Amino acid sequence: MHDIICPHCSKAFKIDEAGYADILKQVRDDAFEQQLHERLALAEKDKRNAVELATAKAASESQRAAAAKDAEIQGLRARLDAGEVARKLAVAEALNAVEKERDRLQQQLAQARLDQQSAARLAEALRANELQQATAAKDAEIARLKDGLERAALEKQLAEKSLRDKYDTQIKDRDDAIERLRDMKARLSTKMVGETLEQHCETEFNRIRATAFARAYFEKDNDARSGSKGDYIFRESDENGTEIVSIMFEMKNESDGTATKKSNEDFLKELDRDRTEKGCEYAVLVSLLEPDSELYNGGIVDVFHRYPKMYVVRPQFFIPIITLLRNAAMNSLKYKSELALVKAQNVDITNFENELETFKTAFAKNYDLASRRFQTAIDEIDKSIDHLQKTKEALLGTDRNLRLANDKAQDVTIKKLTRGNPTMAAKFADVKNGGPADGGG
0 MHDIICPHCS KAFKIDEAGY ADILKQVRDD AFEQQLHERL ALAEKDKRNA
50 VELATAKAAS ESQRAAAAKD AEIQGLRARL DAGEVARKLA VAEALNAVEK
100 ERDRLQQQLA QARLDQQSAA RLAEALRANE LQQATAAKDA EIARLKDGLE
150 RAALEKQLAE KSLRDKYDTQ IKDRDDAIER LRDMKARLST KMVGETLEQH
200 CETEFNRIRA TAFARAYFEK DNDARSGSKG DYIFRESDEN GTEIVSIMFE
250 MKNESDGTAT KKSNEDFLKE LDRDRTEKGC EYAVLVSLLE PDSELYNGGI
300 VDVFHRYPKM YVVRPQFFIP IITLLRNAAM NSLKYKSELA LVKAQNVDIT
350 NFENELETFK TAFAKNYDLA SRRFQTAIDE IDKSIDHLQK TKEALLGTDR
400 NLRLANDKAQ DVTIKKLTRG NPTMAAKFAD VKNGGPADGG G
């Protein structure tokens, strides 16, 4: 296959070898015919040039012959005649050669035209054959597409029938489930005539208490100190008093004639708060609300994604949920017993630690009191010592002053006392000499 680009629209299209050869041959024939016409025109032009050249040459020779001597006129004329004959012969030969070339070229042109017509007929036959093949291929493709459409339509019908059968089955199953629920509701309503849902659950539990739950506690929750209370509390412990499982129950019923319909979601938050306040491990809402809900009608529903360890069940699953939670808790009873033992040991250790702390606190208190009193006594002694030290320093100061006074007294002499005092010196001198003190007579 070859890619051919149209010179007018610049659009590329593919062509096979036969078509390409056909187009190439047509191009060659057109070029050959054009070349033939060009060569004929050149031959015609050469012919005219040769004639003009011969004419000019003859005229030139005639002029030269006219200018020659008269004696040579006849010779020149004879020569001119000979030249004319030669010219005619040359022209005739040239025309003959040109005519032969023209005939040959015309024969080639005719043959080329015949070849072109044959090629055109062959190309037409090939195009007709290709068109026939393309038509056959298109017919086959149309037939294949029709088969595909018919097959798709059949598959669509089968799929629609399958979906219709599936939905019919689902609708039938749903109708059966609704009928079962209606029958269950009718049986429950018949069974609970004259009694509430709480009484029904209590009766159901008491029927199997002696055989299945001998150590179980199942009573109404009457502790409303926190402002809220559940309906029933279930607790079960083993022979050692270790709790196995504890469940806070809330029972909700609603008759068909109730004006304001409640949903199970409305009671979950309060139930979780009651479970936490009463120290229960699990919380279960036994409900007849939302009777058409496929979720709650399917069985035991856990709502752990909203509140931990909480379930919503229908009344017929009241005993099974207790059994399931109790059996699950029995598996961890060993660990609970060990945990209770550890807690008891921890309580003993805690009590010992508390008593030790009490003794240490009392001892520290007495030590602190004695230490403060001892410190007070030491402070008083220090004060006394300080006072005595001050008294000592005062006495030492007095002794020093007395010693200084004594030293000064010992240092006093008559000479020192009378120095600068002649009167007293004279008197002391008279006394010393035994004469009158006044020196009279």
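With numbering that gives the first Met the number 0 as the guide, the letters of the sequence shown map in order to residues 0 to 440.
From the three backbone atoms N, C-alpha and C, an ideal C-beta is built for every residue, glycine too.
All figures in this text were calculated on a predicted structure; none of them were measured in a lab.
Q. How about I232 and I321: are their beta carbons less than 8 Å apart?
A. The sequence position of residue 232 within the sequence shown is 233, counting from 1. The sequence position of residue 321 within the sequence shown is 322, counting from 1. Not closer than 8 Å, so no.
Q. How long is the line joining the alpha carbons of A17 and Q115, rounded to whole angstroms?
A. The count along the sequence shown starts at 1 and reaches residue 17 at position 18. The count along the sequence shown starts at 1 and reaches residue 115 at position 116. When rounded, the distance between both Cα atoms is 14 Å.
Q. Assuming E249 contacts L270 under a Cβ cut-off of 8 Å, what Cβ separation, rounded to an integer in Å, is found between them?
A. For this step, residue 249 is matched to residue 250 along the sequence shown. For this step, residue 270 is matched to residue 271 along the sequence shown. Contact holds; Cβ gap of about 5 Å.
Q: To the nearest angstrom, report how far apart K415 and A428 are at their CA atoms.
A: If you number the sequence shown from 1, residue 415 lands on position 416. If you number the sequence shown from 1, residue 428 lands on position 429. Approximately 14 Å, taken between the alpha carbons.
Q: Would you mind stating whether L471 and K251 have Cβ atoms separated by less than 8 Å?
A: Outside the modelled stretch of the chain, which goes from 0 to 440, sits residue 471, for which no answer is possible.
Q: Might you give, ordered along the chain, the residues of its own chain that have their beta carbon closer than 6 Å to the beta carbon of Y216, omitting 5 neighbours on each side?
A: Position 217 of the sequence shown, counted from the first residue, corresponds to residue 216. Excluding residues within five positions, the ones whose Cβ falls inside 6 Å are R234.
Q. Apart from the five residues on each side of it in sequence, which residues of its chain come closer than 7 Å, Cβ to Cβ, to V311?
A. By one-based count along the sequence shown, residue 311 stands at place 312. Answer for V311: N263, L284, S286, Y295, V300, V302, listed in chain order.
Q. Do A139 and D21 have their CB atoms nearer than 8 Å?
A. Indexing the sequence shown from 1 puts residue 139 at position 140. Indexing the sequence shown from 1 puts residue 21 at position 22. For A139 and D21, no; Cβs fall outside 8 Å.
(Q) Since I177 and I318 should fall inside the 8 Å C-beta cutoff, what is the C-beta to C-beta distance between them, to a whole number of angstroms? (A) Translated into positions along the sequence shown, residue 177 becomes position 178. Translated into positions along the sequence shown, residue 318 becomes position 319. Under the criterion of beta carbons closer than 8 Å, I177 and I318 do not qualify as touching, at roughly 25 Å.
**Q.** Beta-carbon proximity list for R325, same chain, < 7 Å, skipping 5 on both sides
**A.** The residue labelled residue 325 in the question sits at position 326 within the sequence shown. Only residues of its own chain outside the window of five on either side were considered, and among them E235, I243, V244 have a CB closer than 7 Å to the CB of R325, listed in chain order.
**Q.** Neighbourhood of L332 by C-beta, 8 Å cutoff - its chain only, sequence neighbours within 5 removed
**A.** The residue labelled residue 332 in the question sits at position 333 within the sequence shown. Annotation for L332: D237, T241, I243 place their beta carbon closer than 8 Å to its own, counting only its chain and skipping 5 residues before and after.
(Q) Please report the straight-line C-alpha distance between R371 and K359, rounded to a whole angstrom. (A) Start at 1 with the first residue of the sequence shown, and residue 371 comes out as number 372. Start at 1 with the first residue of the sequence shown, and residue 359 comes out as number 360. Cα to Cα, the separation comes out at about 18 Å.
(Q) Within 8 Å, do at least three Cβ pairs link the region 88–98 to the region 42–54? (A) Enough Cβ pairs lie closer than 8 Å, so yes.
**Q.** Buried or exposed (CB count within 10 angstroms, at least 16 for buried), A96
**A.** To locate residue 96, count along the sequence shown from 1; it is residue 97. Exposed is the call here.
Q: In angstroms with no decimal places, state the Cα-to-Cα distance between I170 and D222.
A: Numbered from 1 along the sequence shown, position 171 holds the residue referred to as residue 170. Numbered from 1 along the sequence shown, position 223 holds the residue referred to as residue 222. Answer to the nearest angstrom: the Cα atoms are 48 Å apart.
(Q) Within the continuous beta strand (DSSP E) that includes Y310, where are the two ends? (A) Here residue 310 is taken as the residue at index 311 of the sequence shown, counted from 1. Its beta strand (DSSP E) spans residues 309–312.
Q) In the structure shown, what three-state DSSP assignment does L401 receive? A) As a position in the sequence shown, residue 401 is number 402, starting the count at 1. The three-state secondary structure of L401, taken from DSSP, is helix.
Q: Under the assumption that A57 contacts G74 (Cβ atoms under 8 Å), give the Cβ distance between them as a whole number of angstroms.
A: Counting from one through the sequence shown, the residue named residue 57 turns up at place 58. Counting from one through the sequence shown, the residue named residue 74 turns up at place 75. Taking a contact as a CB-CB distance under 8 Å, the pair A57 and G74 does not count as one, their CB atoms being some 16 Å apart.
Q. Could you give the distance in angstroms between the alpha-carbon of L162 and the alpha-carbon of R150?
A. Against the sequence shown, residue 162 aligns to sequence position 163. Against the sequence shown, residue 150 aligns to sequence position 151. Approximately 18 Å, taken between the alpha carbons.
Q | Element boundaries [alpha helix (DSSP H), containing V411] | A | The residue labelled residue 411 in the question sits at position 412 within the sequence shown. Neither: V411 is in no alpha helix (DSSP H) and is coded neither H nor E.
(Q) Quick check on F204: buried or exposed, where buried means 16 or more other Cβ atoms within 10 Å of its Cβ? (A) The residue given as residue 204 occupies position 205 in the sequence shown. So F204 ends up on the buried side.
**Q.** Under the three-state DSSP convention, the category D291 falls into
**A.** Within the sequence shown, the letter at position 292 stands for residue 291. In the three-state DSSP reduction, D291 falls in the coil class, being neither helix nor strand.
Q: In the DSSP assignment, find the unbroken alpha helix (DSSP H) run with V430 in it and report its ends.
A: For this step, residue 430 is matched to residue 431 along the sequence shown. Under the DSSP assignment, V430 falls in the alpha helix (DSSP H) whose first and last residues are 421–432.
Q.
Between the alpha carbons of D454 and L355, how many angstroms are there, rounded?
A. Only positions 0 to 440 of the chain appear in the structure, and residue 454 is not among them; the question remains open.
Q) What is the rounded straight-line gap between the Cα of L125 and the Cα of L157? A) Here residue 125 refers to the residue found at position 126 of the sequence shown. Here residue 157 refers to the residue found at position 158 of the sequence shown. Each residue's Cα considered, the two are about 47 Å apart.
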